[in-house]
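The structure under discussion appears below in the form of structure tokens.
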Amino acid sequence: MRKVLGNDVTIRQWAVAGLPSDNLSIENGIIMFGSRKWPLMIDPQNQANKFIKKFGPDASEAGLENYKMSDGNLLRNLELGIQFGKWVLIENVGEELDPALEPILLK
Numbered sequence: 435m436r437k438v439l440g441n442d443v444t445i446r447q448w449a450v451a452g453l454p455s456d457n458l459s460i461e462n463g464i465i466m467f468g469s470r471k472w473p474l475m476i477d478p479q480n481q482a483n484k485f486i487k488k489f490g491p492d493a494s495e496a497g498l499e500n501y502k503m504s505d506g507n508l509l510r511n512l513e514l515g516i517q518f519g520k521w522v523l524i525e526n527v528g529e530e531l532d533p534a535l536e537p538i539l540l541k
């Protein structure tokens with residue numbers, strides 16, 4: 435996958451931003467940045483979380499918005515983030531999502 439879909443310059447940028455250099459992490463990065471849907475990252479070691487926080491502001495001119503599921507204004511902030519083209523990172527998501535998030539995530 436790395437040889438066919440990967441770009442050495444982009445992969446090097448990911449490594450500088452903290453993505454581990456093993457094949458699985460690089461393949462996951464290729465899938466994440468090459469897909470049209472939002473990524474769901476199960477991240478028990480917080481590697482992806484640290485990578486997105488470091489890489490996100492550099493990759494997008496609009497920046498990165500970071501929220502927790504317990505935030506009271508999560509839906510409003512998520513709506514504004516989507517409206518202005520920002521990256522949105524929602525942390526501490528449990529096994530079940532708030533039903534209000536479903537229409538947003540299905541698009």
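Using this note's numbering, the first residue of the sequence shown is number 435, and each one after it goes up by one.
All C-beta atoms in this analysis are idealised placements derived from N, C-alpha and C, irrespective of residue type, glycine included.
In angstroms with no decimal places, state the Cα-to-Cα distance between Gly463 and Leu523. 16 Å
Which one of Leu540, Ile476, Gly497 has the shortest CA to CA distance from Lys520? Checking every option, the nearest Cα to that of Lys520 belongs to Gly497.
Using only the alpha-carbon positions, how far apart do Arg436 and Ile460 sit? 7 Å
How far does the beta strand (DSSP E) with Lys502 in it reach, from first residue to last? 498-502
For Glu525, the first and last residue of its enclosing alpha helix (DSSP H): According to the DSSP assignment, Glu525 belongs to no alpha helix (DSSP H) but to the beta strand (DSSP E) extending over 521-525.
Taking all protein chains shown into account, decide if Gly468 is buried (16 or more other Cβ within 10 angstroms of its Cβ) or exposed. exposed
Apart from the five residues on each side of it in sequence, which residues of its chain come closer than 6 Å, Cβ to Cβ, to Glu499? Gly515, Lys520, Val522
Could you check how far apart the C-beta atoms of Ile538 and Leu508 are, in whole angstroms? I think they sit under 8 Å. Not really, about 11 Å apart at Cβ, beyond 8 Å.
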